[in-house]
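Below: the structure, in structure tokens.
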Amino acid sequence: MKNEYSPLVKQAWRQLKNQGYNISMDKLFRLLFSDGEIDENGEPTQAAFDNGYVESVPINSPEGRHELLAQFKDANPLYRDIDDSHFLVTEDGTLGIDEFGQRIVANRIANDPNYLKTSRDSARLLLHLLDSEKREEDQRNDHD
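For the sequence shown, the working numbering assigns the number 1 to the initial residue and increments by one for each residue that follows.
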């Protein structure tokens with residue numbers, strides 16, 4: 001059993017889940033591996049490219065960035081209406097979000113009684129830390 005799955009396997013699993021399929025990530029990994037679509041590390045094989053299951057789009061290209069954000073927002077509804085300008089995609093495909101986006105999501109979680117208390121408390125803590133950081137930055141700017 002594989003404990004850590006590649007982004008490709010996670011993405012495929014989320015898409016299947018969103019389409020109503022109930023399959024474990026482990027079973028999906030084994031199926032894709034046995035079909036020769038991924039290697040033992042969960043990376044796409046040439047067969048996956050040849051069969052059109054995977055397209056080669058550089059992550060740091062505008063198309064790759066757009067695709068990565070679209071996939072992220074599909075899997076994370078809290079972020080869907082946050083403008084793409086608040087996200088950063090590094091050359092290695094790491095996705096980040098600026099303070100404005102963090103505040104939006106943290107406020108949604110902090111004020112939604114459907115979230116666990118621990119999640120709401122964590123969101124409130126993040127907002128407090130962001131506020132403290134902002135105050136410190138403002139004070140430094142006032143002294144300059």
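Glycine included, every Cβ here is placed at the ideal spot set by N, Cα and C.
Q.
Taking 7 Å as the limit between beta carbons, can you name the residues of its chain near Gly36, skipping five residues before and five after?
A. On the sequence shown, residue 36 is found 36 positions in, with the first residue counted as 1. Only Thr45 and Ala47 meet the Cβ criterion.
Q: Assign Pro113 to one of three DSSP states: helix, strand, or coil.
A: Numbered from its first residue, the sequence shown carries residue 113 at position 113. Reduced to three states, the DSSP call for Pro113 is coil.
Q.
Please report the straight-line C-alpha distance between Tyr115 and Leu126, rounded to a whole angstrom.
A. Start at 1 with the first residue of the sequence shown, and residue 115 comes out as number 115. Start at 1 with the first residue of the sequence shown, and residue 126 comes out as number 126. So the two alpha carbons sit approximately 15 Å from each other.
(Q) Using CA atoms only, rank isn't needed, just tell me which of Asn141, Glu137, Ile104 and Ser34 is closest to Ala123. (A) Along the sequence shown, read from residue 1 onward, the residue named residue 123 stands at position 123. The option with the nearest alpha carbon to Ala123 is Ile104.
Q) Are Leu31 and Ile38 touching if we call contact CB-CB under 7 Å? A) What you label residue 31 is simply residue 31 of the sequence shown in a count that begins at 1. What you label residue 38 is simply residue 38 of the sequence shown in a count that begins at 1. Result no, Cβ atoms of Leu31 and Ile38 do not sit closer than 7 Å.
Q.
Could you tell me the alpha carbon to alpha carbon distance between Lys17 and Glu133, rounded to whole angstroms?
A. Counted from its first residue, the sequence shown places residue 17 at position 17. Counted from its first residue, the sequence shown places residue 133 at position 133. Using only the alpha carbons, I get a separation of about 38 Å.
Q. Under a Cβ-count criterion, where at least 16 other Cβ atoms within 10 Å of its own Cβ denotes burial, should Gly42 be classed as buried or exposed?
A. As a first step, residue 42 must be located in the sequence shown, where it is residue number 42. Label assigned to Gly42: buried.
Q. When burial is assigned at 16 or more other CB atoms within 10 Å of the CB, is Tyr21 buried or exposed?
A. Within the sequence shown, numbered from 1, the residue matching residue 21 stands at position 21. Flag for Tyr21 reads exposed.
(Q) Restricting to runs no shorter than 4 residues, where is the alpha helix (DSSP H) found entirely within the segment 60 to 140? (A) 62 to 75 and 99 to 110
(Q) One question on the structure: do Arg120 and Val89 come within less than 7 Å of each other, judged by their Cβ atoms? (A) As a first step, residue 120 must be located in the sequence shown, where it is residue number 120. As a first step, residue 89 must be located in the sequence shown, where it is residue number 89. No, the pair does not count as a contact, with Cβ atoms beyond the cut-off.
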